[in-house]
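If you read the sequence shown in UniProt numbering, its first letter stands for residue 1, the second for the next number, and so on.
Glycine is no exception: its CB is placed at the ideal position from the N, C-alpha and C atoms.
All figures in this text were calculated on a predicted structure; none of them were measured in a lab.
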Amino acid sequence: MPECGYAMRQPLNSGINTINYLLYFCTLHHDLFPRENPDGGAVAENAHEQLEATIRNAAESRYLRALYETAMLLYASRFGKRNLAEARLWLLRFVFSLRLTKLRVSEQGVQKLCLDHRLLDHIASSFNHAQLMQYLRAYTYDIDTDGLDGGGVRARYVRSVYGVMGQPCPEKEQLKNGFDAGLIKHFGKLTASGRAA
1 MPECGYAMRQ PLNSGINTIN YLLYFCTLHH DLFPRENPDG GAVAENAHEQ
51 LEATIRNAAE SRYLRALYET AMLLYASRFG KRNLAEARLW LLRFVFSLRL
101 TKLRVSEQGV QKLCLDHRLL DHIASSFNHA QLMQYLRAYT YDIDTDGLDG
151 GGVRARYVRS VYGVMGQPCP EKEQLKNGFD AGLIKHFGKL TASGRAA
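Next comes the structure, spelled out in structure tokens:
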């Protein structure tokens with residue numbers, strides 16, 4: 001992955017600098033996100049990427065995916081790749097929480113999440129990785145349990161996330177109180193194993 005080089009939020013003019021800017025972010029995007037198999041599934045090289053690929057695909061929202069990818073590009077261009085695994089997990093939690101708080105995920109809803117919480121502004125203006133992680137860890141949300149029964153998008157999303165964490169999907173009320181705590185605990189294991197490797 002390219003090291004820190006270009007600020008995502010910078011004015012662009014015609015010329016070679018704009019071409020280099022576009023090449024930088026195309027390369028960065030290619031490096032950050034799993035390649036696609038011919039069957040359409042993502043190639044996950046480690047547990048972080050497996051969780052990321054599962055959440056991104058199971059959420060079934062191009063708008064959530066676009067916000068997440070933008071946030072990751074902004075993060076990596078600002079802070080590099082040293083703490084990328086930890087940032088990936090906490091940004092996943094933040095962005096894809098919308099799948100659990102709203103029955104329907106729309107473009108306007110994703111924009112509202114981003115603007116209300118100033119996610120991209122926090123990434124761009126955080127002094128360092130630790131300051132951004134403090135902000136992301138402090139974020140809380142309340143799960144709406146409607147749509148967790150049956151085969152809807154929200155129910156499939158929750159089952160997929162529990163599946164990749166290797167845990168059985170709990171009943172609705174337990175899920176309301178335990179989903180986020182379980183995800184955070186799983187993140188802790190992944191980041192600890194990443195530091196040990």
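- Excluding residues up to 5 positions away in sequence, Arg154, Ala155, Val158, Lys172, Leu175 lie with their Cβ nearer than 7 Å to the Cβ of leucine 148 in the same chain.
- Contact between the stretch 136-147 and the stretch 100-110 is present: three or more C-beta pairs spanning the two stretches fall below 8 Å.
- Each of Trp90, Ile123, Leu67 was checked against the Cα of lysine 112, and the nearest Cα belongs to Leu67.
- The beta-carbon separation of valine 164 and threonine 54, rounded to 4 Å, stays under the 8 Å limit for a contact.
- Under the Cβ criterion (8 Å, minimum of three pairs), the stretch 177-192 counts as touching the stretch 79-97.
- Every alpha helix (DSSP H) stretch that sits fully inside the UniProt domain "DUF7834" (7-143) and reaches 4 residues is listed by chain position as 16-32, 47-58, 62-79, 84-96, 98-101, 107-117, 119-125, 129-138.
- For the pair valine 161 and alanine 85, the CB atoms are not nearer than the 9 Å cut-off.
- Close CB contacts of glutamate 107 within its chain, under the 6 Å cut and outside five residues either way in sequence, are with Tyr63 (chain order).
- DSSP places aspartate 149 in the coil class of the three-state scheme, outside both helix and strand.
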